[in-house]
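Scroll down for the structure; my scribbles are underneath it.
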Amino acid sequence: MYSKNGRPSIPPETLLGAQVLMALYSIRSARAFCERLEYDLLFRWFLDMTADERAFNASTFSKNVDRLLESRVAEEFFAGVVELARDGGWASNEHFSADGTLIESWASLKSFRPKDEDPGDYNDGNGWADFKGQQRKNDTHQSRTDPEARLYRKGKGQEARLYFGAHALMENRNGLCVAIKVTSATETTEGEVALSQVEALDHKKYKVKSVGADKNYHNKAFVSGCRKLGVAPHTAQVKGRKVAGLDNRTTRRPAYQASQKVRKRVESIFGWMKTTGSMRRSRHRGIERTNLQTTITATAYNLVRLAKLRLST
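Take the sequence shown: its letters are residues 0 to 312, numbered as in numbering that gives the first Met the number 0.
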């Protein structure tokens, strides 16, 4: 990732380390981090900077994020931490849990305008907006600030907002995240992403036997997909719904009951990422850059878990 010509740039490991610090210390923006870097000796030590070295500018993150994306540094970093967990015997190779959540886009609802509208026709100076009586859908409308964000309602009685979808795969032994991915909130289902994550696991290292999940995964596509992969679908059942491939032969087993208890720990991953890791709302535009931030935050969560596990052993 180092440039062979031109003036020296910020080392890529410094950019990555800065992103980890932002997740660990709940720093909301790059500008706030650079302000703290001016006086925080702990941050300077972590980034291998001297006490009198000039802190880099906040624009460094936005100008150099493409370097991290092109080299897939976040994915390599995440995979390296997962390997540390496996080498230490803290990660299960057989039993996993899948779940999804929503990450709010930085774009406002006022930016969600008709696709066929002339940009010059709308300019209210960021004033008040009234959408009463208007029918707004993803088919006909799009955010001008973040076109990849999708209008989505989390549940009945809740307001619709612009979201991305985040999907995690957790190993059941100690609740470590082994796969994380950000997608569109509407174009892919949780079951589809979970199946792709299970299939993407290195089968030389993992012998996946079961995948626990909530009621959103109790459907024919996910259950049959698990059976094709040779994995037992330990999903919570929707009352009155019958799905081929998931019946009493699976649900009566103690392994199914254990998976249903452990699968709830995946909420701890999302809870830490959204509170401590400041991932309730993305600070980037687009799926790719939001995925970069989410992957680094999930890696920071794993590092915190590994530190606690090491102290307890």
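A virtual CB, placed ideally from N, CA and C, is assigned to each residue, including glycine.
Do residue i and residue j have their CB atoms nearer than 8 Å?
i	j	result
GLY211	ARG226	no
VAL230	SER209	yes
ASP145	GLY285	yes
ASP213	ALA178	no
PHE45	THR294	no
GLY60	ALA29	Residue identity differs from the one stated: residue 60 is Phe in this sequence, not Gly. Taking 8 Å as the Cβ cut-off, PHE60 and ALA29 qualify as a contacting pair.
ARG172	HIS140	no
ALA184	TYR151	yes
ARG252	HIS217	no
SER281	ILE102	yes
TRP89	LEU175	yes
ALA50	LEU40	yes
MET169	VAL265	yes
ALA84	LEU305	yes
ASN290	LYS180	yes
LEU23	ALA299	yes
PRO11	LEU67	yes
SER104	PHE163	yes
GLU189	ASN215	yes
ASN301	VAL81	yes
If you follow the beta strand (DSSP E) that residue i is in, where does it begin and where does it stop?
i	result
ALA159	159-170
TYR151	149-152
SER142	140-142
PHE111	111-113
GLY132	Here GLY132 belongs to no beta strand (DSSP E), and DSSP marks it neither H nor E.
ALA231	231-234
ALA212	209-212
Given a threshold of 16 other Cβ atoms within 10 Å of its Cβ, counted over all protein chains shown, does residue i qualify as buried or as exposed?
i	result
PRO232	buried
SER277	buried
TYR38	exposed
LEU36	buried
GLN133	exposed
HIS166	buried
GLN157	exposed
VAL237	exposed
GLN18	buried
ALA73	buried
ASN247	exposed
GLU116	exposed
HIS202	exposed
ALA220	exposed
THR274	exposed
ARG288	buried
GLY199	It is Ala, not Gly, that sits at residue 199 in the sequence shown. Flag for ALA199 reads exposed.
THR312	exposed
GLY224	buried
Under the three-state reduction of DSSP, which class applies to residue i: helix, strand or coil?
i	result
PHE269	helix
SER317	Because the chain spans 0 through 312 in this model, residue 317 falls outside it and cannot be assessed.
GLN259	helix
THR296	helix
ASP98	strand
ALA254	helix
GLY156	coil
GLU103	strand
LYS307	helix
ARG280	strand
LEU200	coil
LEU175	coil
LEU46	coil
Between residue i and residue j, which are expected to be in contact by the criterion C-beta below 8 Å, what is the C-beta distance as a whole number of angstroms?
i	j	result
ARG160	LEU108	7 Å
PHE42	LEU20	6 Å
VAL207	GLU93	7 Å
SER96	VAL261	6 Å
THR100	PHE269	5 Å
Hey, could you find the ends of the alpha helix (DSSP H) residue i is sitting in?
i	result
THR59	58-69
ALA84	72-86
ARG226	219-227
THR185	From DSSP, THR185 is part of no alpha helix (DSSP H); its letter is neither H nor E.
GLY16	11-23
TRP89	Looking at the DSSP string, TRP89 is not in any alpha helix (DSSP H), and its letter there is neither H nor E.
PHE55	Segment: none, PHE55 is in no alpha helix (DSSP H) and carries neither H nor E.
ALA31	29-36
Under 8 Å, Cβ to Cβ, is there at least one residue of chain B near residue i?
i	result
ARG282	Going by chain labels, chain B is absent from the structure shown, which holds only one protein chain.
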